[in-house]
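Colleague:
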Amino acid sequence: MSNILLITSSPRSASYSAKVARALAEQLASLESNAAMTVRDLARDPLPHIDDSFAAARDVPPENQTPAQKDTLALSDKLLKELFAADTIIIAAGMINFGIPSTLKAYIDHIARPRVTFRYSEKGPEGLVKGKKVYLVVARGGVYSEGPMQALNFQDTYLRTVLGFIGLNDIELITVEGVGYGPEAAERAVSKAMAQVSAIAQVPAIAA
Ligand SMILES: Cc1cc2nc3c(=O)[nH]c(=O)nc-3n(C[C@H](O)[C@H](O)[C@H](O)COP(=O)(O)O)c2cc1C
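So our numbering is basically just the index in the sequence shown, starting at one, shifted up by 3.
1. Are the Cβ atoms of Arg-3 and Gly-97 separated by less than 8 Å?
2. Using DSSP's beta-bridge definition, name the partner residues of Met-40.
3. Does DSSP put Gly-181 in a helix, in a strand, or in coil?
4. Quick check on the burial criterion: 16 or more other C-beta atoms within 10 angstroms. Buried or exposed for Tyr-19?
5. Between which two residues does the alpha helix (DSSP H) carrying Val-193 extend?
6. With H, G and I counted as helix, E and B as strand and the rest as coil, what does DSSP make of Val-23?
7. Give every residue of the same chain whose Cβ lies closer than 6 Å to the Cβ of Asp-112, excluding the five residues on either side of it in the sequence, and list them in chain order.
8. If you measure between the beta carbons of Gly-130 and Phe-87, is that distance less than 8 Å?
9. Tell me the DSSP secondary structure of Val-165 in three-state form.
10. According to the Cβ coordinates, are Ala-154 and Leu-34 closer than 8 Å?
11. With a cut-off of 8 Å on the beta carbons, I'd call Ala-196 and Ile-177 a contact; round off their distance for me.
12. What's the gap between the Cα of Gly-141 and the Cα of Pro-104?
13. Span of the beta strand (DSSP E) holding Phe-121?
14. In whole angstroms, give me the CA-to-CA distance for Val-119 and Glu-180.
15. What does the shell around ligand 1 hold, if a residue joins when its beta-carbon is under 5 Å from any heavy atom?
16. Under 8 Å, do Leu-171 and Lys-135 count as touching if we go by C-beta distance?
17. Our contact map puts Ala-38 next to Ile-7 with C-beta atoms below 8 Å; I'd like the distance itself, whole angstroms only.
18. Grouping DSSP H, G and I as helix and E and B as strand, with all else coil, what is Tyr-138?
19. Identify whether Ala-95 lies in helix, strand or coil by the three-state DSSP scheme.
20. Going by Cα to Cα distance, which pick from Pro-70, Asp-44, Ala-60 is closest to Ile-93?
Below is the structure:
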């Protein structure tokens, strides 16, 4: 049985990234009669920013955590349970000021946990979230996949870096870009992404 985690994060209710990501989640779920899906809409249901008590508690091994520290980490633990339970993770992110929505950054701050999702070994950092397929759906007003704006893309490049750091290296990118060039350009970009969604759902990938 496949278990899909769908994470959307755009502040825009007419979000292209959320639309495409939802379509992908629904199409993948429809391939199996008993697929499970968990949806996290980070814009509509935002997480708190991490704070001083979180920063301290995340460094304490579970056996030494005080009850207060366990309470502090409870939400993060819940998010991690969802993450580890999923075999397919779909993340939708619009570009906001060259990067990702702050709601998605808050989510990442909750799931990047020493000894849980990454650790440092003699060989350097090691990601601990393994065997999952990730689909990243990114939308943006400009074109950053090529041309002069490429160096200013801190959206999917950042996501690949931080997801890879926690072990999520099997990432397929779906890009909806150039939507700021007008409604026709936006429609073309969404159609192209939807075609990619259909192709993925025809031959769903098995996590590496
Ligand atoms: C507050 C804000 C900041 C934005 N910053 C950028 C940006 O830096 N670069 C860009 O190409 N588009 C930018 N855009 C345009 C969005 O990336 C575009 O609307 C995209 O479709 C958003 O994703 P969504 O459709 O999933 O909401 C911005 C839009 C908003 C509302």
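Here a beta-carbon is modelled for each residue, glycine too, at the ideal position from N, C-alpha and C.
Every value quoted in this text rests on a predicted model; they were computed, and no experiment measured them.
Modeller: Working from what's here:
1. Given a span of 4 to 211 for the chain in the structure shown, any question on residue 3 remains unanswerable.
2. DSSP lists Ile-7 as the beta-bridge partner residues of Met-40.
3. Gly-181: coil per DSSP, three-state reduction.
4. With 16 or more Cβ atoms within 10 Å of its Cβ, Tyr-19 is classed as buried.
5. Looking at the DSSP string, the run of the alpha helix (DSSP H) that includes Val-193 is 186-205.
6. When DSSP states are grouped into helix, strand and coil, Val-23 belongs to the helix group.
7. Closer than 6 Å at Cβ, skipping near neighbours: Ile-53.
8. Against a cut-off of 8 Å, the Cβ pair of Phe-87 and Gly-130 comes out as no contact.
9. The answer is helix: DSSP assigns Val-165 an H, G or I state.
10. Against a cut-off of 8 Å, the Cβ pair of Leu-34 and Ala-154 comes out as no contact.
11. In this structure Ala-196 is in contact with Ile-177, their Cβ atoms being roughly 5 Å apart against a cut-off of 8 Å.
12. First, the amino acid is wrong: residue 141 is Val here, not Gly. When rounded, the distance between both Cα atoms is 11 Å.
13. From DSSP, the beta strand (DSSP E) with Phe-121 extends over 121-124.
14. If you take the alpha carbons of Val-119 and Glu-180, they lie about 34 Å apart.
15. Around ligand 1, the residues selected by a Cβ distance under 5 Å to any of its heavy atoms are Ser-13, Arg-15, Ser-18, Tyr-19, Ser-20, Gly-97, Met-98, Ile-99, Asn-100, Phe-101, Ala-142, Arg-143, Gly-144, Gly-145, Val-182, following chain order.
16. Lys-135 sits close to Leu-171, with the two beta carbons spaced by under 8 Å.
17. About 6 Å separates the two Cβ atoms, so the contact holds.
18. Of the three classes helix, strand and coil, the one that applies to Tyr-138 here is strand, per DSSP.
19. Strand, per DSSP.
20. Closest in alpha carbon position to Ile-93, among Pro-70, Asp-44, Ala-60, is Asp-44.
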